[in-house]
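Structure record follows, encoded as structure tokens.
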Amino acid sequence: MQISTSSAGNERAAQPRPAAWPLRWRVARQIAAQELRDALFGWSFYLTMALGPLLSALFIYNSLNFVAASGLLILARPFFVPMLIVTTLAALYLAAWATLAIARPRDQGALRVLFFAPVDAYGVIGGHLLAGIAIYTMIMLGGVALLALFAWLTNLPFPPLLLVGALLSPLFAATAAAIGLVISASAASSRSAMFFFGATLLVVLAIPIGYTALLSVPPTSRYYDALLFLRGLVRTLRDLLNWISPYALLSASLDAALRASWADLLARLAAGLAGGIAWAALAIWALRRRGVLP
Numbered sequence: 001m002q003i004s005t006s007s008a009g010n011e012r013a014a015q016p017r018p019a020a021w022p023l024r025w026r027v028a029r030q031i032a033a034q035e036l037r038d039a040l041f042g043w044s045f046y047l048t049m050a051l052g053p054l055l056s057a058l059f060i061y062n063s064l065n066f067v068a069a070s071g072l073l074i075l076a077r078p079f080f081v082p083m084l085i086v087t088t089l090a091a092l093y094l095a096a097w098a099t100l101a102i103a104r105p106r107d108q109g110a111l112r113v114l115f116f117a118p119v120d121a122y123g124v125i126g127g128h129l130l131a132g133i134a135i136y137t138m139i140m141l142g143g144v145a146l147l148a149l150f151a152w153l154t155n156l157p158f159p160p161l162l163l164v165g166a167l168l169s170p171l172f173a174a175t176a177a178a179i180g181l182v183i184s185a186s187a188a189s190s191r192s193a194m195f196f197f198g199a200t201l202l203v204v205l206a207i208p209i210g211y212t213a214l215l216s217v218p219p220t221s222r223y224y225d226a227l228l229f230l231r232g233l234v235r236t237l238r239d240l241l242n243w244i245s246p247y248a249l250l251s252a253s254l255d256a257a258l259r260a261s262w263a264d265l266l267a268r269l270a271a272g273l274a275g276g277i278a279w280a281a282l283a284i285w286a287l288r289r290r291g292v293l294p
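So the sequence shown is numbered by the numbering used here: it starts at 1 and just counts up by one.
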């Protein structure tokens, strides 16, 4: 008895295939667990967790000394800057971690071995984003607990609205991680990935610093009129960066939460969510286009 190839092909086609998205979710959870385990065994995680509260303690100490020396006994928003320090350092660590998350395994050949399993770019990027959110949450839990301890020791008020901003900050941290994954998936090597990350960070820092420097030029200077166009250009770039950079969105969201400006906070959250989705989609596209080979 002979079976035609067409009927055999139809039988194979009729067999149910495993659903793609549940499999991707399972892969993402496995990758996230492994990345979280690796981060917990690394020294950079604990350095970041300790550095944020340390710098915050120094800021609080200097603020208290200033209040004691001036005799005003007034300290506005004493924990805004410390919370901003903790969240910014955690998001910066997350972006640097994500920058090496794909480029380094690709250099070592581990990424190629990983794709022998039923793994695709969606599962890999999703797993790293889940791991990044978990890592950021752990750093924030330690940082917020220490800030609360500082508030109790110094008898300074710790506003509950600031906790609202801290609870929403993982969204912007995920956006920072997605940007790092785009760089990591696109770079030719881990060294070039870190180079592009450093260059991007310098540009992000140079724009507001440059705008502040241009504003400091006095109107009586003979270069004042010549710098009008440059000042307007840098101001436009700064305004655009305020809605693109996850660090600018993070700072603005903490400020909006502390002021109870819910409309501004929702606008920042919407911008962060849209940016995170766009950067994650770009990271998936970059990984599929660049591939897994060094």
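Here a beta-carbon is modelled for each residue, glycine too, at the ideal position from N, C-alpha and C.
Helix, strand or coil: how does DSSP classify residue 204 here?
DSSP places residue 204 within a helical segment (H, G or I) once states are collapsed to three.
Grab me the residues of residue 173's own chain with a C-beta within less than 6 Å of its C-beta, minus the 5 sequence neighbours each way, in chain order.
Excluding residues up to 5 positions away in sequence, 91, 94, 136 lie with their Cβ nearer than 6 Å to the Cβ of residue 173 in the same chain.
Rounded C-alpha distance that separates residue 273 from residue 71
It is roughly 44 Å from the alpha-carbon of residue 273 to the alpha-carbon of residue 71.
So residue 182 and residue 279 are in contact, right, with Cβ under 8 Å, and what is the actual spacing, rounded?
The pair is a contact, with the Cβ atoms about 6 Å apart (cut-off 8 Å).
DSSP three-state assignment for residue 306, whether helix, strand or coil:
The structure shown does not extend to residue 306, since the chain is modelled only from 1 to 294, so the question has no answer here.
Backbone secondary structure at residue 216 - three-state DSSP
Residue 216 falls in the coil class under three-state DSSP.
Start and end residues, alpha helix (DSSP H) containing residue 176:
Segment 160–186, the alpha helix (DSSP H) holding residue 176.
Give me, in chain order, the residues of the same chain whose beta-carbon lies closer than 8 Å to that of residue 251; leave out the 5 immediate sequence neighbours on both sides.
Here the set comprises 84, 88.
DSSP state of residue 152 mapped onto helix, strand, coil
Here residue 152 sits in helix by DSSP.
Tell me the DSSP secondary structure of residue 76 in three-state form.
Note: residue 76 maps to coil in three-state DSSP.
Contact belief for residue 101 with residue 161 at Cβ below 8 Å, rounded distance in angstroms
Rounded, the Cβ-Cβ distance is 34 Å, inconsistent with contact.
Given a cut-off of 8 Å, decide if residue 165 and residue 249 are closer than it, judged by their beta-carbon atoms.
No. Outside cutoff.
For residue 122, which residues in the same chain have their Cβ closer than 7 Å to its Cβ, ignoring the five residues on either side in sequence?
Within the same chain, residue 122 has close Cβ partners 24, 284.
Report yes if the CB atom of residue 207 is closer than 8 Å to the CB atom of residue 233, and no otherwise.
Going by beta carbons, residue 207 and residue 233 fall outside the 8 Å limit.
When the Cα of residue 57 is compared with those of 223, 229, 191, 151, which residue comes out closest?
Comparing Cα positions, the closest option is 151.
To the nearest angstrom, how far is the alpha carbon of residue 22 from that of residue 127?
When rounded, the distance between both Cα atoms is 13 Å.
Nearest candidate by alpha-carbon position, reference residue 59, set 219, 75, 47
Residue 59 has its Cα closest to that of 75, out of 219, 75, 47.
Less than 6 Å between C-beta atoms, sequence neighbours within five positions excluded: which residues of the same chain meet that for residue 146?
Correct list, in chain order: 53.
By how many angstroms is the C-alpha of residue 26 removed from the C-alpha of residue 275?
Cα-Cα distance, rounded: 25 Å.
Report yes if the CB atom of residue 187 is closer than 8 Å to the CB atom of residue 193, and no otherwise.
Using a Cβ distance threshold of 8 Å, residue 187 and residue 193 count as a contacting pair.
Please state whether DSSP places residue 320 in a helix, a strand or coil.
The displayed coordinates of the chain run from 1 to 294. Any statement about residue 320 would go beyond what the structure contains.
In angstroms, rounded to a whole number, what distance separates the CA positions of residue 105 and residue 175?
Straight-line Cα distance between these residues: approximately 22 Å.
Measure from the alpha carbon of residue 144 to the alpha carbon of each residue in 124, 225, 50, 110, then state which is nearest.
50 is the residue among 124, 225, 50, 110 whose C-alpha sits nearest the C-alpha of residue 144.
Going by beta-carbon coordinates alone, are residue 290 and residue 185 separated by less than 8 Å?
A contact, by the Cβ cut-off of 8 Å.
Use the C-beta contact count for residue 197: other C-beta atoms within 10 angstroms, 16 or more gives buried, fewer gives exposed.
So residue 197 ends up on the buried side.
DSSP state of residue 243, grouped into three classes?
Residue state, collapsed to three classes: coil.
If residue 138 and residue 86 are in contact, beta carbons under 8 Å, what's the gap, nearest whole angstrom?
With 8 Å as the limit, residue 138 and residue 86 do not qualify as a contact, their Cβ atoms being about 12 Å apart.
Length of the line joining the Cα atoms of residue 103 and residue 110:
Rounded to whole angstroms, residue 103 to residue 110 spans 10 Å at the Cα level.
Just verifying my parser: in three-state terms, what is the DSSP assignment at residue 222?
The answer is coil: DSSP assigns residue 222 none of H, G, I, E or B.
Comparing C-alpha positions only, which one of 81, 55, 168, 43 sits nearest to residue 268?
Here the closest residue by C-alpha is 168.
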